[in-house]
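> I have a structure I would like to understand better, so I am pasting it below and will then ask my questions one at a time.
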Amino acid sequence: MAGSTNINITPPRWLLAELTYACPLQCPYCSNPVDYAKYSSELSTDDWKRVLTEARKMGAVQLGFSGGEPLTRKDLVELVKHARELGYYSNLITSGYGLTEEKIIQLKEAGLDHIQVSIQASTQELNDHIAGTTSFHHKKEVAHLVKKHGYPMVLCVVIHRENIHQMPEILAMAEELGADYLELANTQYYGWAHTNRDLLLPTKEQFEQAEQIAQAFKEKVAGKMKIYYVVPDYYEDRPKACMNGWGTTFLTIAPDGMALPCHSARDLPGLDCPNVNDYSIQDIWHDSKAFNFFRGFDWMKEPCRSCDEKEKDFGGCRCQAYLLTGDMYTADPVCSKSPEHGVIQHAIDSAKATASLKSDEKPLVFRNSKNSKGMSSAVDIAD
Amino acid sequence: MTINPDHPIKFSPMHRLQWEEAQQKYVILYPEGMVELNQSSAEILKCCDGIRNLAQIVSELEQTFATTGLTNDITAFLEVALQNGWINQH
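Here the protein sequences line up with chains A and B, keeping their order.
According to numbering that gives the first Met the number 0, the first sequence is numbered sequentially starting from 0.
According to numbering that gives the first Met the number 0, the second sequence is numbered sequentially starting from 0.
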């Protein structure tokens, strides 16, 4: 197996608690696995409390309550309270769907530190189309309530071909809503986004134009609003330093209790990702096969192995290497040094060709249980 | 952005200053982020209670650490803190 001995293992700092795969929205770029419907079991409240306690003891301090839609868990307030008592900084990552003022107050009293609300577009029509749910006005109302009750408010907008032209309006909306932070997340092509890539990936020209507009805005609002810009790695020369290095910083726990070095790692073959039902967080972090698999540099192939940038980007994303080339040990193909870099240009060309089709010729595959069950059986047949 | 010497300085309610046992240091926590602090930076920020102004903070720290001449260092750090939104003055 990969991995190597004598590596200095740093403690986890970031815990992503994916409380559930249930979600009232159907965003076609969802990062959950396409076959999520297979994993219907969820950890109990006591299991989650134990996970939070054990990870905190090791040094985790940033905690994301995510999903699916974390608000669908009835015990969310109880878990937030437990997290606050342990000293976590708790982030609620939500669509805002179903979030009432009463709940916002309850969560505040329980010790929640911050709420990130996602909005899909700057217009009701496009937001509701992408979300697959009538939700635009409620989301804006939620954003106002989050501010009203003294939380820092992060507005998250996932950027793709259907909304990239709205960049000026999206920025104006963030300003109007009084966002403290605006996350402009260029779609990362995993999970459902990979399935829909031909319909979501913008052209390079579209990216560059949108980035220029965002950059000018960033300067304008400096001191008032911070902008987190998630780069579109298909148009970069070098890969992202995925997860800040495998098993160095990030720990994701999936709804069924599977512990993952990154939220897509479930799809990598042969990792035998451990479950918190069977092992402590301490054992998982230090001793499991999965968390040691890509620690250090011994697993690397060329050109990564002798690359002078390997300590900066760790060869990029293992999940992306596997997804796009079928080889999880190879360089992330977004790197221009990768021998498989051609798959990126192919993806860009394919998306461009699809852009000229009518929407009924190749419709978006929305993220819902029916489509997920369809994809699960497709995956099973392929296996 | 510069520090107004007359106004009190307050640690931002949008951030949290916390001792981390595992790291043996103070950190500033904010949405999806963390800054690790050295001891002197943490001591300065702990004085930003929304009551004391710059001169009072300097005097407090000089007394605590039985030293003098901290004005420039403290002012420089607080200006960085102000730019990062860790403190504010109203």
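C-beta: ideal position from N, C-alpha, C; glycine also.
Could you pull out every residue in the same chain whose Cβ sits closer than 6 Å to the Cβ of residue 261/A, ignoring the five residues on either side in sequence?
242
> Are the beta-carbon atoms of residue 124/A and residue 237/A separated by less than 8 Å?
No, they are not a contact pair.
> Which of the three DSSP states is assigned to residue 455/A in this structure?
No statement about residue 455/A is possible, as the shown extent of chain A runs from 0 to 382 and does not include it.
> Which residues in the same chain have their Cβ closer than 8 Å to the Cβ of residue 25/A, if we skip the five residues on either side of it in sequence?
130, 131, 132, 365, 366, 367
> Within 8 Å of any Cβ in chain A, is that where the Cβ of residue 25/B sits?
no
> Got a sec? Which residues, its chain only, sit under 8 Å from residue 165/A by beta carbon, not counting five neighbours each side?
120, 121, 122, 125
> So, is residue 327/A buried or exposed, given that buried needs 16 or more other C-beta atoms within 10 angstroms?
That one is buried.
> What first and last residue would you give for the beta strand (DSSP E) that runs through residue 17/A?
13-17
> By the DSSP assignment, the alpha helix (DSSP H) with residue 55/B in it spans what residues?
53-63
> Can you tell me the Cα-Cα spacing of residue 285/A and residue 69/A, whole angstroms?
Spanning the two alpha carbons is a distance of roughly 28 Å.
> Can you give me the start and stop residues for the beta strand (DSSP E) that residue 17/B sits inside?
15-19
> For residue 356/A and residue 48/A, I'd like the C-alpha separation in whole angstroms.
49 Å
> Grab me the residues of residue 114/A's own chain with a C-beta within less than 7 Å of its C-beta, minus the 5 sequence neighbours each way, in chain order.
91, 93, 145, 150, 152
> Note down, in chain order, all residues in the region 56-84 of chain A with a beta-carbon under 9 Å from any beta-carbon belonging to chain B.
56, 57, 58, 59, 60, 61, 63
> So, residue 81/B versus residue 13/B, is the Cβ gap smaller than 8 Å?
Cβ distance not < 8 Å, so residue 81/B and residue 13/B don't count as in contact.
> Counting only runs of 4+ residues fully inside the region 90-115 of chain A, write out the alpha helix (DSSP H) ranges in chain order.
100-109
> Please classify residue 318/A: does DSSP put it in a helix, a strand, or coil?
helix
> So, is residue 50/B buried or exposed, given that buried needs 16 or more other C-beta atoms within 10 angstroms?
exposed
> What's the call for residue 35/B, buried or exposed, on a 16-neighbour Cβ count within 10 Å?
Answer is exposed; the Cβ neighbour count stays below 16.
> If the criterion is Cβ atoms closer than 8 Å, does the pair residue 289/A and residue 264/A meet it?
yes
> For residue 363/A and residue 27/A, which I take to be in contact (beta-carbon distance under 8 Å), what is that distance rounded to the nearest angstrom?
4 Å
> In this structure, does DSSP put residue 184/A in helix, strand or coil?
Here DSSP, grouped into helix, strand and coil, assigns residue 184/A to strand.
> Helix or strand or just coil, what does DSSP make of residue 347/A?
Note: residue 347/A maps to helix in three-state DSSP.
> Could you pull out every residue in the same chain whose Cβ sits closer than 7 Å to the Cβ of residue 269/A, ignoring the five residues on either side in sequence?
none
> Suppose contacts are defined by Cβ-Cβ distances below 8 Å. Is residue 156/A in contact with residue 176/A by that definition?
no
> Could you have a look at residue 382/A and say whether DSSP puts it in helix, strand or coil?
Summary for residue 382/A: the model assigns pLDDT 40, below 50, so the residue's position carries little reliability, and this model does not support an answer.
> Note down the Cα distance separating residue 359/A from residue 58/A, rounded to an integer number of angstroms.
Each residue's Cα considered, the two are about 50 Å apart.
> At the 8 Å Cβ level, is residue 116/A part of the contact set with chain B, yes or no?
no
> DSSP three-state label for residue 353/A, please.
helix
> Would you please verify whether the beta carbon of residue 7/A is less than 8 Å from any beta carbon of chain B?
For residue 7/A, the nearest beta carbon of chain B is not closer than 8 Å to its own beta carbon.
> Kindly list, in the order they appear in chain A, the residues whose Cβ is closer than 7 Å to that of residue 55/B.
Going along chain A, no residue has its Cβ under 7 Å from residue 55/B, so there is no contact; the nearest lies around 25 Å.
> Could you give the distance in angstroms between the alpha-carbon of residue 256/A and the alpha-carbon of residue 188/A?
24 Å
> Within 8 Å of any Cβ in chain B, is that where the Cβ of residue 149/A sits?
yes
> Below 7 Å CB to CB, which residues in the same chain sit around residue 195/A once its five sequence neighbours on both sides are set aside?
27, 28, 363, 364
> Taking the alpha-carbon of residue 96/A as reference, which of 85/A, 291/A, 116/A, 79/A has the nearest alpha-carbon?
116/A
> Can you find a CB in chain B that lies within less than 8 Å of the CB of residue 285/A?
no
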